[in-house]
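K.L.:
Position one of the sequence shown corresponds to residue 1 (the UniProt record's numbering), numbered consecutively onward. Glycine included, every Cβ here is placed at the ideal spot set by N, Cα and C. Before I ask anything, let me first share the structure, which is written out below as structure tokens.
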Amino acid sequence: MNKNRGRPRGRTAPATKARIAEKARALFLEHGYQGTTLRTVAAAAEVDVALIGYHFGSKQGLFGEAMNIRCGRSTAIVRALEGDPATLPERLIDAVTSLWEEPGGGFAALEPAALRDEDVLRVFREFLEREVLGRIADHLGGRYATDRATAAVAVIGGLIFTRYLNPLASVAALSAGDVRRTLAPALRGALRTPRPAPAALLSHSA
């Protein structure tokens with residue numbers, strides 16, 4: 001009887017999950033998202049395909065965990081939100097550049113073609129909305145928290161698009177320090193609480 005079939009048992013479950021993620025990462029990097037199937041991952045990890053659904057829920061869930069997209073990035077965002085509010089923009093920018101450029105950051109190991117895959121980008125958009133926008137809004141709090149977080153994510157998304165997904169030469173050539181120095185003022189403005197419109201303007205528009 002195959003002990004790897006069905007629901008994982010005992011202390012072998014964490015090791016099985018880690019083996020699946022390791023094999024999946026290698027296959028995603030070699031064949032891309034579309035070219036990797038759950039059956040090929042299961043075969044490489046020598047487990048029943050049902051175990052992938054049990055541990056990861058779906059192919060997107062497997063991809064996200066294998067590439068450290070969800071866990072690594074959400075942890076980095078949490079760390080960036082801690083500390084002096086005056087330097088929050090710089091910490092957020094540093095979190096983005098390090099997660100994309102440092103070894104083991106997740107997307108850093110992916111080929112550019114994989115980042116143009118609609119399924120990969122769907123996971124990335126989900127990350128932006130749930131892990132970045134949501135966490136920034138929760139941290140900011142107050143009446144305009146979501147608006148401020150949305151503006152901040154627009155700046156961060158612009159950085160990611162022009163530096164990593166569809167690089168502009170002038171942006172891609174910047175060092176991480178130059179990115180921080182150049183974009184921190186824009187991100188600081190996005191995070192700032194909106195000022196109420198002057199009463200004179202409100203009465204004029206009424």
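Would the segment 52-65 and the segment 151-158 be scored as touching if the rule is three or more Cβ pairs under 8 Å?
P.N.:
The segment 52-65 vs the segment 151-158: no contact.
K.L.:
Compare the C-alpha of leucine 133 against each of Leu191, Glu90, Ala45 and name the closest.
P.N.:
That would be Leu191, whose Cα lies nearest to the Cα of leucine 133.
K.L.:
Can the beta-carbon of alanine 44 be found closer than 9 Å to that of leucine 27?
P.N.:
Yes. Within cutoff.
K.L.:
Using CA coordinates, which residue listed in Ala15, Pro185, Thr16, Val179 is at the minimum distance from serine 98?
P.N.:
Per the Cα distances, Val179.
K.L.:
Quick check on residue 207: buried or exposed, where buried means 16 or more other Cβ atoms within 10 Å of its Cβ?
P.N.:
Given a span of 1 to 206 for the chain in the structure shown, any question on residue 207 remains unanswerable.
K.L.:
Measure the alpha-carbon distance for alanine 169 versus proline 194 and round it to whole angstroms.
P.N.:
So the two alpha carbons sit approximately 33 Å from each other.
K.L.:
Pick from Ala76, Arg148, Arg79, Leu165: whose alpha carbon is nearest that of glutamate 118?
P.N.:
The residue with the shortest Cα to Cα distance from glutamate 118 is Leu165.
K.L.:
Among the candidates Ala86, Gly83, Arg25, Gly64, whose CA atom is the shortest distance from the CA of arginine 125?
P.N.:
Answer by Cα proximity: Gly64.
K.L.:
What is the rounded straight-line gap between the Cα of alanine 24 and the Cα of tyrosine 54?
P.N.:
The straight-line gap from Cα to Cα measures roughly 15 Å.
K.L.:
For valine 78, which residues from the same chain have a beta carbon less than 8 Å from its beta carbon, with the 5 sequence-adjacent residues on both sides left out?
P.N.:
If we look at valine 78 and ignore the five residues flanking it on each side, its Cβ neighbours are Arg135.
K.L.:
What does the Cβ neighbour count give for arginine 148, buried or exposed, with the cut at 16 atoms within 10 Å?
P.N.:
Buried, by the Cβ-count rule.
K.L.:
Hey, quick one: how far does the alpha helix (DSSP H) through tyrosine 54 stretch, first residue to last?
P.N.:
Per DSSP, tyrosine 54 belongs to the alpha helix (DSSP H) from 50-56.
K.L.:
Going by CA-CA distance only, name the one from Pro14, Gln34, His139 that's closest to proline 85.
P.N.:
The residue with the shortest Cα to Cα distance from proline 85 is His139.
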